[in-house]
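For the sequence shown, full-length UniProt numbering gives the first residue as 1, with consecutive numbering after it. From the three backbone atoms N, C-alpha and C, an ideal C-beta is built for every residue, glycine too. Just so we're clear, the structure is a prediction, and the values are computed from it rather than from any experiment.
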Amino acid sequence: MQKSQGSSPNQTQEIQPEHLEEDGEEADEDVMEEEEENHSEDNLYGRGYSEAPDTTYGVDLFITQLALLFQNVEWSNADIIGLSMGGGIAAAYASIFPKLVSGKVIFVASADLMAGVPKEMSDAAVNRNPDLTSYPVGPEDILPRMRALQRQSLPGFVHALKSSFRDGPIRDMDSAFEMLSLRLHTSNAWSYT
């Protein structure tokens with residue numbers, strides 16, 4: 001059993017795993033199948049199993065999606081963590097809706113927050129860790145297969161990815177980061193190794 005923060009800091013709610021009864025016994029197969037039919041996962045639009053609308057994948061789309069998620073799960077606020085492009089989304093969301101953030105925003109290798117890694121530093125990391133280059137299958141082997149699989153299996157993914165790079169929250173987010181740093185406690189995590 002897990003505990004989850006409720007809508008106020010002092011409120012918690014218990015989350016019972018779907019496949020267990022209250023007494024910890026396994027639920028019967030019919031109940032599990034019914035739960036699986038009603039289960040859904042949320043990804044950013046154009047990623048994973050989410051819809052990939054033919055639209056511009058800009059910051060407004062992503063913060064609207066995040067606001068709708070908060071409304072759907074009935075959260076009044078939460079701490080926010082943004083990884084890569086999610087850092088730009090988190091910064092924009094928290095700067096526009098500061099009352100919906102409970103106080104902490106964490107950026108992990110956030111887009112538009114880190115300068116590029118100098119080539120000398122990445123070369124030094126590889127030289128210190130020779131195992132990084134010794135695997136028989138490297139990114140040059142995996143990436144073409146992964147891209148082909150994504151194009152084949154995820155309709156709209158290519159458009160969503162291109163639009164995210166062109167229009168998404170990966171650059172020119174300085175004002176959101178600055179506004180956020182004045183309002184909330186923020187942390188940034190990154191490493192060159």
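Residue environment analysis places residue 49 among the exposed positions, since fewer than 16 neighbouring C-beta atoms fall within 10 angstroms of its C-beta. Nearest Cα to residue 85 within the set 75, 178, 179 and 164: 164. Counted as a single uninterrupted DSSP element, the alpha helix (DSSP H) harbouring residue 161 occupies residues 157-167. Less than 8 Å separates the beta-carbon of residue 98 from that of residue 183.
If you look at residue 76, you'll find it isn't in any beta strand (DSSP E); DSSP assigns it neither H nor E. Going by DSSP, residue 95 is part of the alpha helix (DSSP H) stretching over 85-96. Collapsing the DSSP output to three states places residue 50 in coil. In this structure residue 169 is buried. Its beta-carbon is surrounded by 16 or more other beta-carbon atoms within 10 angstroms. With 16 or more other Cβ atoms from the protein chains shown falling within 10 Å of its own Cβ, residue 101 counts as buried. DSSP places residue 170 outside both helix and strand once states are collapsed to three, so it counts as coil. Bridge partners of residue 81 according to DSSP: 106.
About 12 Å separates the beta carbon of residue 81 from that of residue 91, a gap too long to meet the 8 Å contact definition. In the DSSP annotation of this structure, residue 56 is not part of any alpha helix (DSSP H), being labelled neither H nor E.
Less than 8 Å divides the Cβ of residue 88 from the Cβ of residue 173. If you draw a straight line from the Cα of residue 47 to the Cα of residue 61, it is about 13 Å long. Listed in chain order, the non-local C-beta contacts of residue 113 below 7 Å within the same chain comprise 87, 107, 177 and 188, local neighbours out to five positions each way being set aside. Pairing residue 56 with residue 160, the inter-Cα distance amounts to about 8 Å.
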